[in-house]
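Student: With the UniProt record's numbering, the residue at position 147 of the sequence shown is 147, and numbering never jumps.
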Amino acid sequence: MTATDSPLLDIAATGFPILQPGHGAIASTTYVPATPGNTLWGRLPCEADSPCAVVQPGSVVTVDTISHEGVLEDQGRNPREFFARYGVSGAHVLDDAQQIADSGMPHDFDDDGPHLVTGPIAVAGARPGDLLAVTVLGLTPRVPYGMVSARHGFGALPGEMPSLPGPVITFATAHADRHGAWGRMAVDRTDASRGSLRFPLRPFLGVMGVAVPGSERPHSVPPGRHGGNIDVSLLGEGSTLFLPVQVDDALVYFGDPHFAQGDGEVALTAFEASLRATVKLEVVPGGAALRPGHGRVAPFAETDDYLVPIGLDEDLDKAMRDCVRCALDLLVTDYGIDRHLAMAYLSAAGDFAVSQVVDGVKGIHGKIRKSDFREVDPPR
Numbered sequence: 001m002t003a004t005d006s007p008l009l010d011i012a013a014t015g016f017p018i019l020q021p022g023h024g025a026i027a028s029t030t031y032v033p034a035t036p037g038n039t040l041w042g043r044l045p046c047e048a049d050s051p052c053a054v055v056q057p058g059s060v061v062t063v064d065t066i067s068h069e070g071v072l073e074d075q076g077r078n079p080r081e082f083f084a085r086y087g088v089s090g091a092h093v094l095d096d097a098q099q100i101a102d103s104g105m106p107h108d109f110d111d112d113g114p115h116l117v118t119g120p121i122a123v124a125g126a127r128p129g130d131l132l133a134v135t136v137l138g139l140t141p142r143v144p145y146g147m148v149s150a151r152h153g154f155g156a157l158p159g160e161m162p163s164l165p166g167p168v169i170t171f172a173t174a175h176a177d178r179h180g181a182w183g184r185m186a187v188d189r190t191d192a193s194r195g196s197l198r199f200p201l202r203p204f205l206g207v208m209g210v211a212v213p214g215s216e217r218p219h220s221v222p223p224g225r226h227g228g229n230i231d232v233s234l235l236g237e238g239s240t241l242f243l244p245v246q247v248d249d250a251l252v253y254f255g256d257p258h259f260a261q262g263d264g265e266v267a268l269t270a271f272e273a274s275l276r277a278t279v280k281l282e283v284v285p286g287g288a289a290l291r292p293g294h295g296r297v298a299p300f301a302e303t304d305d306y307l308v309p310i311g312l313d314e315d316l317d318k319a320m321r322d323c324v325r326c327a328l329d330l331l332v333t334d335y336g337i338d339r340h341l342a343m344a345y346l347s348a349a350g351d352f353a354v355s356q357v358v359d360g361v362k363g364i365h366g367k368i369r370k371s372d373f374r375e376v377d378p379p380r
């Protein structure tokens, strides 16, 4: 069976409804839809961009995000036609994705990034030197399907994979039942009757960031001090990402929604599919001067169980070193641990993983168990 003669996807059977713009549960009073006017394509906001919403610190905001899969030029820039090849009816394609594709929004496939980014949102009173704390309260699939794509010259094995001509697209579906939420992809690209691979869903936003100074919008692919395309799969519901504020009012934005991603993201993308995100936006005044330190305040994160240091660099070895430095800074600041003892602890009990190797600037993130410090008195 080929993609072009796939049977229609039974949306009701997946357990996930279609969340068109403005429909379904919206968990906050501030809702930012992904309209063409609220969206950038392939570039990230800068200081010169006007916000599409203004909120006070501590506000909860619901944001619609759109996956770029099915919208990109090498896929036809027509999501209804593209997803029809995989058995998705036009009524089950997101209206806002089609509106963006049809809008004439400028996008240079060769020079811009692929990502659709919703925002920016101004957090009133945030200033450079502060930290913006973005806590992910909820992530809801807007559709029960998405893609993993591989393109020539990209991914962990450029020149080797993909070995087929053209972009290689793998269609995947999302399901929810009494056993939880899980994804599925056919084990054979040409014969779905051979069965399927099944894996857990772990939704998160690959892009969360703040605007950079000046009037030039950065490319959406490489992450940096501003955050952006960090692609750390731990940043799901319950996580908090700390971003050093670069410009007045922070100008935060969201995009690159994932249903699942393995550490490394080796193909080029992971399970890319649209999400509705509800986040809390808090300001830590002067927080950038406190953590992580060393004159290179960079993004870091926290979950219920872990501190999550992050290291970013084009050189994976340097990214690892940055991540270890960030981990040391967090342990010294949060727990008052001597730096040499912290290094010994990290070697014995800290876990470090490759976040992604596909975004030019590569990422390493760590997991430091908070429970290991339950007997440590906090610094006074």
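No residue lacks a Cβ here, since even glycine has one placed at the ideal position from N, Cα and C.
Hey, Leu-19 and Thr-173 are a contact pair by Cβ (cut 8 Å); roughly how many whole angstroms apart?
Tutor: For the purposes of this step, residue 19 is identified with residue 19 of the sequence shown, where counting begins at 1. For the purposes of this step, residue 173 is identified with residue 173 of the sequence shown, where counting begins at 1. Leu-19 to Thr-173, Cβ: 16 Å. No contact.
Student: Does the Cβ-Cβ distance between Pro-299 and Tyr-335 come in under 9 Å?
Tutor: Walking along the sequence shown from the start, residue 299 turns up at place 299. Walking along the sequence shown from the start, residue 335 turns up at place 335. Not closer than 9 Å, so no.
Student: Does Ala-186 have its Cβ less than 9 Å from a Cβ in chain D?
Tutor: No chain D is part of this structure, which consists of one protein chain only.
Student: If you scan the region 210-246 from start to end, which runs of the beta strand (DSSP E) of 3 or more residues do you find wholly inside it?
Tutor: Taking only runs of at least 3 residues, the beta strand (DSSP E) segments lying wholly in the region 210-246 are 227-229, 240-244.
Student: State the Cα-Cα distance for the pair residue 404 and Ala-48, rounded to the nearest angstrom.
Tutor: Any question about residue 404 goes unanswered here, given that the chain covers just 1 to 380.
Student: When the Cα atoms are used, what is the spatial distance from Lys-362 to Leu-341?
Tutor: Position 362 of the sequence shown, counted from the start, is the residue given in the question as residue 362. Position 341 of the sequence shown, counted from the start, is the residue given in the question as residue 341. Each residue's Cα considered, the two are about 28 Å apart.
Student: What residue range does the alpha helix (DSSP H) around Val-324 cover?
Tutor: As a position in the sequence shown, residue 324 is number 324, starting the count at 1. 316-335 is the extent of the alpha helix (DSSP H) around Val-324.
Student: Once you ignore the five residues that flank Ile-100 on each side, which residues in its own chain have a CB closer than 8 Å to its CB?
Tutor: One-based indexing of the sequence shown puts residue 100 at position 100. Hits under 8 Å: Ala-34, Pro-36, Thr-39, Trp-41, Ile-66, Val-71, Leu-116.
Student: Can you pull the DSSP bridge partners for Met-147?
Tutor: On the sequence shown, residue 147 is found 147 positions in, with the first residue counted as 1. In the DSSP output, where bridge partners are listed per residue, Met-147 has Phe-171, Glu-272.
Student: Can you name, in chain order, every residue of its own chain whose Cβ lies under 6 Å from the Cβ of Arg-339, other than the five neighbours on each side?
Tutor: Locating residue 339 in the sequence shown gives position 339, where the first residue counts as 1. Taken in chain order, the residues that qualify are Leu-328, Val-332.
Student: Using 9 Å as the threshold, is the C-beta distance between Val-32 and Ala-53 below it?
Tutor: In the sequence shown, counting from the first residue as 1, residue 32 sits at position 32. In the sequence shown, counting from the first residue as 1, residue 53 sits at position 53. In this structure, Ala-53 lies closer than 9 Å to Val-32 by Cβ.
Student: Output the boundary residues of the alpha helix (DSSP H) element that contains Gln-356.
Tutor: Residue 356 sits at position 356 when you count from the first residue of the sequence shown. Run containing Gln-356: none in the alpha helix (DSSP H); it sits in the beta strand (DSSP E), 351-356.
Student: Quick one: what's got a C-beta closer than 8 Å to His-294's C-beta in the same chain, skipping five residues either side?
Tutor: If you number the sequence shown from 1, residue 294 lands on position 294. Low confidence applies here, because His-294 scores a pLDDT of 47, under 50, leaving its location unreliable; read the following figure in that light. Excluding residues within five positions, the ones whose Cβ falls inside 8 Å are Arg-325, Asp-329.
Student: Quick check on Gly-206: buried or exposed, where buried means 16 or more other Cβ atoms within 10 Å of its Cβ?
Tutor: As a first step, residue 206 is located in the sequence shown; it is residue number 206 there, counting from the start. Classification of Gly-206: buried, given that the 10 Å Cβ count is 16 or more.
Student: Only counting runs of 4 or more residues, tell me where the alpha helix (DSSP H) segments fall wholly within the region 69-95, in order along the chain.
Tutor: 79-84, all fully within the region 69-95.
Student: Could you check where the alpha helix (DSSP H) with Thr-190 kicks off and where it finishes?
Tutor: Here residue 190 refers to the residue found at position 190 of the sequence shown. Neither: Thr-190 is in no alpha helix (DSSP H) and is coded neither H nor E.
Student: Nearest to Ala-91 by CA position, among Gly-155, Pro-17, Asp-112, is which residue?
Tutor: As a position in the sequence shown, residue 91 is number 91, starting the count at 1. Ranking the options by Cα distance to Ala-91, first place goes to Pro-17.
Student: Beta carbon of Val-247, beta carbon of Val-212: below 9 Å?
Tutor: As a working mapping, residue 247 is identified with position 247 in the sequence shown. As a working mapping, residue 212 is identified with position 212 in the sequence shown. Yes, Cβ-Cβ distance for Val-247 and Val-212 is below 9 Å.
Student: Buried or exposed: which applies to Val-143, given that a residue is buried once 16 or more other Cβ atoms fall within 10 Å of its Cβ?
Tutor: Start at 1 with the first residue of the sequence shown, and residue 143 comes out as number 143. Looking at its Cβ environment, which holds 16 or more other Cβ atoms inside 10 Å, Val-143 is buried.
Student: Is the region 216-235 touching the region 305-315, taking contact as three or more C-beta pairs under 8 Å?
Tutor: Taking 8 Å as the limit for Cβ pairs, the verdict is that the region 305-315 does touch the region 216-235.
Student: Just to confirm the assignment, what range does the alpha helix (DSSP H) spanning Ile-11 have?
Tutor: In the sequence shown, the residue the question calls residue 11 occupies position 11. 11-14 is the span of the alpha helix (DSSP H), which, as asked, contains Ile-11.
Student: How many Å lie between residue 390 and Ala-84 at the Cα?
Tutor: The question about residue 390 has no answer, for the chain in this structure spans 1 to 380.
Student: Leaving out five residues on either side along the sequence, give the residues of the same chain with a beta carbon under 8 Å from the beta carbon of Pro-51.
Tutor: Position 51 of the sequence shown holds residue 51. Taken in chain order, the residues that qualify are Gly-119, Pro-120, Ile-121, Ala-122, Asp-249, Leu-251.
Student: Comparing alpha-carbon positions, which option in Ala-192, Glu-302, Gly-58, Glu-265 lies nearest Gly-238?
Tutor: On the sequence shown, position 238 is the one that residue 238 refers to. Closest option to Gly-238, Cα to Cα, is Glu-302.
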